[in-house]
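Enquirer: Reminder that position 25 of the sequence shown reads as 13 in this note's numbering, one-by-one numbering, no gaps.
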Amino acid sequence: FDGGPYEVGERYLLMLKKQRESELFLIVNDEARYVVGPTNRLVSSAKKGYVAATLRGQPLDVATTRLRELAAGQ
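1. For residue -6, is the classification buried or exposed, using 16 other Cβ atoms within 10 angstroms of its Cβ as the cut-off for buried?
2. Pick helix, strand or coil for residue 72, following the three-state DSSP scheme.
3. Just to confirm before moving on: does the CB-CB distance between residue 32 and residue 43 stay below 9 Å?
4. Relative to the C-alpha of residue 41, which residue among 49, 20, 12 is closest?
5. Within 8 Å: the Cβ of residue 56 and any heavy atom of the ligand NAD?
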């Protein structure tokens, strides 16, 4: 559901959601998980979805800048 097992040595970009009644953070679905590839571009196993389609293949710095802008606007 969240994109499969994690691999030792891989780098990931995760979008986590804090749970209201605890200090835990959860990954919501496979659109919130990206492998940072060897060229620093994001790889997603999500088969569909706007977020995955938008971020897939983007350089890590471009994606994180965009995500920070979106989060600041909330």
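We put the CB at the ideal spot given by N, CA and C, even for glycine.
Since this is a predicted model, take the numbers as computed values, not measurements.
Expert: According to the data block:
1. The residue you call residue -6 lines up with position 6 of the sequence shown. So residue -6 counts as exposed.
2. Only positions -11 to 62 of the chain appear in this structure, which leaves residue 72 out of reach.
3. For the purposes of this step, residue 32 is taken as residue 44 along the sequence shown, with counting starting at 1. For the purposes of this step, residue 43 is taken as residue 55 along the sequence shown, with counting starting at 1. In this structure, residue 32 sits near residue 43, with a CB-CB distance shorter than 9 Å.
4. Taking the first residue of the sequence shown as 1, we reach residue 41 at position 53. Selected option, being the one with the closest Cα: 20.
5. The ligand NAD is absent from the structure shown, which contains no ligand whatsoever.
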